[in-house]
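Peer 1: Got a structure for you, questions after.
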């Protein structure tokens with residue numbers, strides 16, 4: 005599943021820019037039955053005629069974000085997608101989010117300090133730093149055993165962070181630049197002022 009999610013993210017990235025999102029290309033990248041997944045199979049191979057019911061919610065999400073783009077503009081939409089993608093429960097700390105590289109580097113560093121890295125690491129990588137770069141940037145290119153080890157190491161790192169009992173916030177705090185950019189969109193329209201004097 006992780007390799008599939010990474011493949012989907014990689015398929016969409018070329019079509020997302022601050023100047024605008026190419027929604028037809030995003031839709032095609034995610035839903036074309038000929039799209040190849042990490043293992044080489046196509047969506048059509050896997051789902052056959054059952055693909056259409058699976059495709060429907062994908063189309064609805066794309067329609068929703070395209071409407072946001074039309075209503076609020078591309079810059080705001082990219083910012084909202086970025087916040088949505090990096091803090092949703094399912095992908096908050098997975099590849100493609102802003103947090104994944106940091107937590108992966110921490111997980112590998114802790115694992116290297118505590119004991120040996122997976123057996124394949126010295127066979128494939130020149131050193132722990134080279135492995136860390138590959139794990140953070142291209143985890144889907146690792147062999148199955150090393151990828152499974154990395155997934156577990158990242159999970160353990162998340163548990164360590166939970167153990168420090170940092171407060172879990174439920175509100176989203178925006179940086180000043182983002183708040184200033186969004187403010188005109190959420191402020192009510194000002195009523196025109198009269199220049200006449202009584």
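Numbering (the numbering used here), first residue to last: 5 to 202.
Quick reminder that beta carbons are idealized off the backbone N, C-alpha and C, glycines included.
None of the values given here were measured: they were computed from a predicted structure.
(1) Quick check: the segment 32-40 against the segment 58-67, are at least 3 beta-carbon pairs closer than 8 Å?
(2) Taking only the alpha-carbon atoms, compute the straight-line gap between residue 157 and residue 18 and give it to the nearest angstrom.
(3) Are residue 144 and residue 124 closer than 8 Å when you measure CB to CB?
(4) Less than 8 Å between the CB atoms is what I'm expecting for residue 39 and residue 6, so what's the real figure, rounded?
(5) Please list the terminal residues of the continuous alpha helix (DSSP H) segment that includes residue 127.
(6) Please report the residue range of the alpha helix (DSSP H) in which residue 144 lies.
(7) Give the secondary structure of residue 40 by DSSP, where H, G and I count as helix, E and B as strand, and everything else as coil.
(8) Put residue 100 into one of helix, strand or coil per three-state DSSP.
(9) Reducing DSSP to helix, strand and coil, say where residue 52 ends up.
(10) Suppose contacts are defined by Cβ-Cβ distances below 8 Å. Is residue 136 in contact with residue 112 by that definition?
(11) Apart from the five residues just before and just after residue 23, which ones in its own chain have a Cβ nearer than 8 Å to its Cβ?
(12) Quick test of your reading: residue 99 and residue 81, contact by CB under 8 Å. State the CB separation rounded to the nearest angstrom.
Peer 2: Taking the structure as given:
(1) The way I'd put it, the segment 58-67 does touch the segment 32-40; three or more beta-carbon pairs between them come closer than 8 Å.
(2) Along the chain shown, one-based indexing puts residue 157 at 153. Along the chain shown, one-based indexing puts residue 18 at 14. In a straight line, the C-alpha of residue 157 is about 30 Å away from that of residue 18.
(3) The count along the chain shown starts at 1 and reaches residue 144 at position 140. The count along the chain shown starts at 1 and reaches residue 124 at position 120. No, the Cβ-Cβ distance between residue 144 and residue 124 is not below 8 Å.
(4) Stepping through the chain shown from its first residue, residue 39 is reached at position 35. Stepping through the chain shown from its first residue, residue 6 is reached at position 2. So it is not a contact: roughly 17 Å between Cβ atoms.
(5) The residue labelled residue 127 in the question sits at position 123 within the chain shown. Where residue 127 is concerned, the enclosing alpha helix (DSSP H) stretches over 124-128.
(6) Looking up residue 144 in the chain shown gives position 140. Unbroken run through residue 144: none, as it is neither H nor E.
(7) Taking the chain shown and counting its residues from 1, the one referred to as residue 40 is at position 36. Of the three classes helix, strand and coil, the one that applies to residue 40 here is strand, per DSSP.
(8) Within the chain shown, numbered from 1, the residue matching residue 100 stands at position 96. Three-state DSSP puts residue 100 in coil, outside helix and strand.
(9) For the purposes of this step, residue 52 is identified with residue 48 of the chain shown, where counting begins at 1. Residue 52: helix per DSSP, three-state reduction.
(10) Within the chain shown, the letter at position 132 stands for residue 136. Within the chain shown, the letter at position 108 stands for residue 112. For residue 136 and residue 112, yes; Cβs fall inside 8 Å.
(11) In the chain shown, counting from the first residue as 1, residue 23 sits at position 19. Contacts found: 78.
(12) Stepping through the chain shown from its first residue, residue 99 is reached at position 95. Stepping through the chain shown from its first residue, residue 81 is reached at position 77. Their Cβ separation, rounded to whole angstroms, is 22 Å, which puts residue 99 and residue 81 out of contact at 8 Å.
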